[in-house]
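Novice: Chains as they are written, first to last, in my numbering: chain A, 76 to 399; chain L, 191 to 540.
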Amino acid sequence: MSEVRFGQAINRALADAMAADESVVLFGEDVAAPGGPFGVTRGLLDRFGAERVRDTPISEAAIVGAAVGAAMSGLKPVVEIMFMDFVTLSMDALVNQAAKARFMFGGQYALPMVVRLPHGGGINAGPQHSQCLEAWLAHVPGLKVVCPATVADAYALTRAAIADPDPVIVVENKSLYAVKGELPESMPNVTIGKADIARPGRDATIVTYGAMRDVSLAAASALAKDGIEAEVVDLRSLQPWDETAVLASLARTHRLVIAHEAVEAFGIGAEIAARMADIGFDELDGPIVRVGAPFMPVPFAKELEARYRPDATRIADAVRRTLA
Amino acid sequence: MAEVVDLLMPKLGLTMTEGTVAHWLVAPGARFAAGDAVVVIETDKIANEVEAPSAGELVTLLSSEGEVVPVGTPIARWRLDEATAQAGRLEVEAVAPVAEPAPAAQFVAAPARDDSRIIATPYARRLAREGSLDLSNLAGSGPRGRIKAADVLQALEAKAAAQSIAPAPIAMQRAAPMAAPAAALSFVVADVDVSALRALDARLAGSRDRPFERRVYLALACIKALHADGETPVRLGFPGADGLATLDGTARDTLSAIAARMSHLQTDSTRGDVAIYMIEGRVRQLVPALPQGWRMALGVGGVRTVRGGDTTHEMTLALVHDATTDHAFAAELLDRIAALLEEPLHLLAG
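1) For P385/A, name the three-state secondary structure that DSSP assigns.
2) Figure out for me which residue from V195/L, E193/L and K201/L has the closest Cα to the Cα of G396/L.
3) Hey, would you say G203/L sits closer than 9 Å to L394/L, going by beta carbons?
4) Using a Cβ distance threshold of 8 Å, determine whether the stretch 227–242 of chain L contacts the stretch 204–216 of chain L, with at least three qualifying pairs required.
5) Checking 9 Å against the spacing of the C-beta atoms, do F123/A and L251/A come in under that value?
6) Taking 9 Å as the cut-off, decide whether the C-beta atoms of D160/A and L208/A are in contact.
7) Please report how far the alpha carbon of I343/A lies from the alpha carbon of R396/A, in whole angstroms.
8) Whole angstroms is fine: what's the gap from I527/L's alpha carbon to D324/L's?
9) Using DSSP's beta-bridge definition, name the partner residues of N238/L.
10) Going by DSSP, what residue range makes up the beta strand (DSSP E) through L197/L?
11) Figure out for me which residue from D309/A, A299/A, F375/A and T328/A has the closest Cα to the Cα of H335/A.
12) Can you check the stretch 416–473 of chain L for any beta strand (DSSP E) of at least 3 residues that lies completely inside it and give the ranges in chain order?
13) Is it buried or exposed, S324/A, if we count other Cβ atoms within 10 angstroms and call 16 or more buried?
14) Look at the Cβ atom of T457/L, then the Cβ atom of T444/L, and state whether they are nearer than 9 Å.
15) G285/A and A185/A look like a contact to me (Cβ under 8 Å); what is the Cβ gap, rounded to whole Å?
16) For chain L, check one thing: does any of its Cβ atoms lie closer than 9 Å to the Cβ of L359/A?
17) Helix, strand or coil: which one does DSSP assign to M157/A?
18) Does K377/A pass the burial test, meaning 16 or more other C-beta atoms within 10 Å, or should it be called exposed?
19) With 9 Å as the threshold, decide whether the Cβ of A399/A is near any Cβ in chain L.
20) Taking just the CA atoms, how far does L390/L sit from H536/L?
21) Out of curiosity, what's the CA-to-CA distance linking R267/L and D419/L?
22) Along the chain, where does the beta strand (DSSP E) containing A95/A start, and where does it finish?
23) So with Cβ pairs under 9 Å, would you call L538/L a contact of chain A?
24) Pick helix, strand or coil for V505/L, following the three-state DSSP scheme.
25) Kindly say whether T514/L, judged by its beta-carbon, lies nearer than 9 Å to any beta-carbon of chain A.
26) Would you list the residues sitting across from W214/L in a DSSP beta bridge?
27) Once you ignore the five residues that flank A372/L on each side, which residues in its own chain have a CB closer than 7 Å to its CB?
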């Protein structure tokens, strides 16, 4: 057991995967010599050499396009897009090539590639460097999307993503990189698609992921002072997501709140709400309430951004609303 | 090509026997769209627009403006584009009397506002269903009076407590199967979907605020089920202050005639065909004793809300008969009563 930062846990996962499997290669903007825009790939160039850790030109289309080709040719590329906002430039390679290859070639091609996408605000980075666009990717058949919230999951889900035979998007919240946590010496295998009960409770379920896990836990602590026991379910994986675990939690609490940093409209929360309104209908004892960002770009000003991002008060209020 | 059918003078209220063709809104030969008002019908109480159940064409007028015609009389001929199957489905909600076999729809009245809708959470409804609890008498503690699981659980606890204290009333039991109430008697039981009947009753009630009145429909259904010929009189009994009060009728009687007679019941009750006993509330089944001199007794349980794909309302009927009546006959009779209640337009048809 050791205490490391979230970013260091990803670094360790990358290093362990590269040590275990020579076909794992890294490339992206500033991932080699500078050690990554957020320091996540620091030291990997020195350890594994310039053949396996490469800096690329500023072209997200080229980065992901090359990753598709590399994966088709037998490598296991792990690429980084500096900000998730710029996944827009790589969407053809990601959506039309990577996601479709297994299907269109009759299963003859597997694309074991990983795209790391730092998302989220809270670092005063403005409208084009703070977005949470994971719902776009979760909407595409053929892509898997994970979003770790803890140091241990940052390691475990990165390893699981690299080990997966299909394209996996690892969404990393930038505000988490510096968060410290325990990293067990021997990590249990984490399967993509399994949620984690972050806090058990009987009165309401808060389904969340990524940076909103800690915010939801803070909300649950605040609610506990009023005698309300909220259960916090950390999805960990958004596509596929753990419908069974969410339904089981709903069957215990009969109330559901979904909290994410992404814009509320048409988001991950909408999908979860719709499924639970269907398969969990008879369990519901209150409206399903979503907590997300308002329908507008992420503001630059610090004060505005702080109001834009969901906080513990909003999540606690949502729980109280569904309990009314 | 859709066939030309009659547009009949609708029955817009329980007591309406005739109406005035006040104003034609569509000229003969003109086309109309679904939902278009075709004619304004006036009674001494209301003026009502008759809406087209589907697009179509008004072929000929059989009544001119200002003419007073009895309910059920053809007032025009029209051609409806939608097949009669569609129209037939709409008829269930229509108030107009229909002839046999059912022709195209007469009209579809504007949907009444449903004040009876119970606001309850899905989980509360599930708990109520599992505990056979009627939500209609329950007050909700949630926003807008929404019934929550906690409200249902509280009510179920209260119900369980009440049941453990109070002795069960004689011949009143909660659920089948059960023993026959007396050795020489037997009875048959049927569940009846009364959703259409309730909708019809709400239409007939119009704006008047009154509870769902089942007695009149039950009476007419019993009469028609026993003797459809319209000649043979049927005597029904209803429990009153001193024994049974009776009502005589034939299948020719209209609902309004039965309703009028219901308020002046006779007291000679030494013999009769069917004695009708009703209970309200959550008790679903009533198996009455057979009164001396009567052929049969009909026990009518409380109306309950059934949540499924569509919310429906049901009540349970138990027909008690003596040893001289064949149980197959009783079963057939009860089936006919149930069918009439489930498709109440047959009660309106003369």
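Heads up, the beta-carbon is just placed ideally off N, CA and C, and yes, glycines get one too.
Specialist: By the coordinates alone:
1) In the first sequence, counting from the first residue as 1, residue 385/A sits at position 310. Of the three classes helix, strand and coil, the one that applies to P385/A here is coil, per DSSP.
2) What you label residue 396/L is simply residue 206 of the second sequence in a count that begins at 1. Of the listed residues, the one whose Cα sits closest to G396/L is K201/L.
3) Numbered from 1 along the second sequence, position 13 holds the residue referred to as residue 203/L. Numbered from 1 along the second sequence, position 204 holds the residue referred to as residue 394/L. With a cutoff of 9 Å on beta-carbon distance, G203/L and L394/L are scored as near each other.
4) Verdict: yes, contact present.
5) Taking the first sequence and counting its residues from 1, one reaches residue 123/A at position 48. Taking the first sequence and counting its residues from 1, one reaches residue 251/A at position 176. Remark: C-beta atoms of F123/A and L251/A do not approach each other more closely than 9 Å.
6) Reading the first sequence from its first residue, position 85 is the one you call residue 160/A. Reading the first sequence from its first residue, position 133 is the one you call residue 208/A. Yes; because the gap between Cβ atoms is below 9 Å, this pair is in contact.
7) Residue mapping note: residue 343/A aligns to position 268 of the first sequence, counting from 1. Residue mapping note: residue 396/A aligns to position 321 of the first sequence, counting from 1. Across the structure, I343/A and R396/A are spaced so that their CA atoms are roughly 20 Å apart.
8) Reading the second sequence from its first residue, position 337 is the one you call residue 527/L. Reading the second sequence from its first residue, position 134 is the one you call residue 324/L. Approximately 24 Å between the Cα atoms of the pair.
9) Residue 238/L sits at position 48 when you count from the first residue of the second sequence. I231/L.
10) Position 7 of the second sequence, counted from the start, is the residue given in the question as residue 197/L. Following the DSSP letters along the chain, one finds L197/L inside the beta strand (DSSP E) bounded by residues V194 to L198.
11) Here the question's residue 335/A lines up with position 260 in the first sequence. Looking from the CA of H335/A, the closest CA among D309/A, A299/A, F375/A and T328/A belongs to D309/A.
12) DSSP runs (the beta strand (DSSP E)) wholly in the stretch 416–473 of chain L: 424–430, 433–439 and 462–468.
13) Your numbering for residue 324/A matches position 249 in the first sequence. Counting Cβ neighbours within 10 Å, S324/A comes out buried, since at least 16 surround it.
14) Taking the first residue of the second sequence as position 1, residue 457/L is located at position 267. Taking the first residue of the second sequence as position 1, residue 444/L is located at position 254. By the CB criterion at 9 Å, T457/L and T444/L fall outside the cutoff.
15) On the first sequence, residue 285/A is found 210 positions in, with the first residue counted as 1. On the first sequence, residue 185/A is found 110 positions in, with the first residue counted as 1. That belief does not hold up - the Cβ atoms of G285/A and A185/A are roughly 27 Å apart, past 8 Å.
16) Position 284 of the first sequence, counting from 1, holds the residue named residue 359/A. Output row for L359/A: interface = yes.
17) In the first sequence, the residue the question calls residue 157/A occupies position 82. Coil at M157/A, not helix or strand.
18) Counting from one through the first sequence, the residue named residue 377/A turns up at place 302. If you draw a 10 Å sphere on the C-beta of K377/A, you find fewer than 16 other C-beta atoms in it, and that means exposed.
19) Within the first sequence, numbered from 1, the residue matching residue 399/A stands at position 324. Interface residue, yes.
20) Counting from 1 along the second sequence, the entry for residue 536/L is found at position 346. Counting from 1 along the second sequence, the entry for residue 390/L is found at position 200. Straight-line measurement puts the Cα of L390/L at about 12 Å from the Cα of H536/L.
21) The count along the second sequence starts at 1 and reaches residue 267/L at position 77. The count along the second sequence starts at 1 and reaches residue 419/L at position 229. For R267/L and D419/L, the distance between alpha carbons rounds to 30 Å.
22) Position 20 of the first sequence, counted from the first residue, corresponds to residue 95/A. Per DSSP, A95/A belongs to no beta strand (DSSP E); it is in the alpha helix (DSSP H), F81 to A95.
23) What you label residue 538/L is simply residue 348 of the second sequence in a count that begins at 1. Not one chain A Cβ lies under 9 Å of L538/L.
24) For the purposes of this step, residue 505/L is identified with residue 315 of the second sequence, where counting begins at 1. Reading off the sequence, residue 505/L comes out as Met, not Val. In this structure, M505/L counts as strand in the three-state DSSP scheme.
25) By one-based count along the second sequence, residue 514/L stands at place 324. It does not: the Cβ of T514/L has no partner Cβ on chain A nearer than 9 Å.
26) Along the second sequence, read from residue 1 onward, the residue named residue 214/L stands at position 24. Looking at the DSSP output, W214/L sits in a beta bridge with V229/L.
27) The residue given as residue 372/L occupies position 182 in the second sequence. With a pLDDT of 43 at A372/L, under the threshold of 50, the modelled position of that residue is not reliable, and the figure given next carries that caveat. Answer for A372/L: A479, listed in chain order.
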